[in-house]
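A short write-up of the structure that comes next.
Residue numbers (the working numbering): 7 to 203.
Have a look at this one:
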């Protein structure tokens, strides 16, 4: 393995995965930072002139392995978060009906495709564990692409209005229940007062 391969992977695979994840979460997950630190530690040992060449090569391979692992983790974390947010739409028929810029049927089809692709990516990852995790990375990218396409179809303004409308309805229900309870209590008290001497 050459050092240029490690840095090429860093630029072409890790950086896009990492920037997508941080851009979506708006924070840097600790797990990712730890793996980055591990990769950097091994890279620094590769340049350590005191180490014999076989140890330096071993550190280069370990650095590459950490970069692959952290890239895979970035895509998996991103996919989990995308699924978590899309699932809020999936399980809520009102949100599917009123807050999407595509038909409900199309959303359900694409969401199920997202989940199937994510499962396929996970299966590929498990089958290739210790062999070639890059195959799984490509499958995770496909799932994330589907998720991003679905995200673009969510009308945030309609979603916000629907949530506001639900809060108003809930508040009105609580107020009406309180008033009805108060009225029933007063009527019951009056009837009780009339029935007892």
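By construction, the Cβ of each residue, glycine as well, lies at the ideal position given by its N, Cα and C atoms.
- Residue pairing by DSSP puts residue 160 in a beta bridge opposite 106.
- By the criterion of a C-beta distance shorter than 6 Å, residue 72 is surrounded in its chain by 41, 44, 45, once the five residues flanking it on both sides are discounted.
- For residue 29, the three-state secondary structure derived from DSSP is helix.
- Secondary structure of residue 8 (DSSP, three-state): coil.
- Straight-line measurement puts the Cα of residue 10 at about 41 Å from the Cα of residue 160.
- Using a Cβ distance threshold of 8 Å, residue 170 and residue 120 do not count as a contacting pair.
- In its chain, beyond the 5 residues on either side, 79 have a beta carbon closer than 7 Å to the beta carbon of residue 37.
- As for any alpha helix (DSSP H) of minimum length 4 sitting wholly inside the region 42-103, the runs are 59-96, ordered along the chain.
- Residue 105 sits away from residue 57, with the two beta carbons spaced by 8 Å or more.
- In the structure shown, residue 134 adopts coil according to DSSP, grouped into three states.
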